[in-house]
Amino acid sequence: SLIRKRTAVYATEEKALRVMLEGEQEEERKRDREKRQKKEKEKLLLKKREVDAML
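In terms of the UniProt record's numbering, the sequence shown has 53 at position 53, counting the first letter as 1, and numbering is strictly consecutive.
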């Protein structure tokens with residue numbers, strides 16, 4: 001029936017949207033992780049410079 005077909009289409013579209021959303025969230029997490037790691041690296045470099053300046 002038409003309703004069943006429509007329901008199947010909606011379910012498929014919903015699944016596609018969910019997959020896209022999860023992909024975007026994963027990208028965002030990856031970017032956040034990289035940003036954090038970059039910050040940590042910069043912090044370490046700063047500390048190293050301070051230590052080098054003391055020596």
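By construction, the Cβ of each residue, glycine as well, lies at the ideal position given by its N, Cα and C atoms.
Note that this is a predicted model, so its numbers are computed, not measured.
Which of helix, strand or coil DSSP assigns to residue i
| i | result |
| --- | --- |
| L55 | coil |
Alpha-carbon spacing of residue i relative to residue j, whole angstroms
| i | j | result |
| --- | --- | --- |
| R4 | A11 | 10 angstroms |
| residue 56 | R36 | Outside the modelled stretch of the chain, which goes from 1 to 55, sits residue 56, for which no answer is possible. |
| L44 | M54 | 15 angstroms |
| K39 | V19 | 30 angstroms |
| Q25 | K41 | 24 angstroms |
| A16 | L2 | 21 angstroms |
Chain B contact for residue i (CB, 8 angstroms cutoff)
| i | result |
| --- | --- |
| Y10 | You won't find chain B in this structure, because it holds only one protein chain. |
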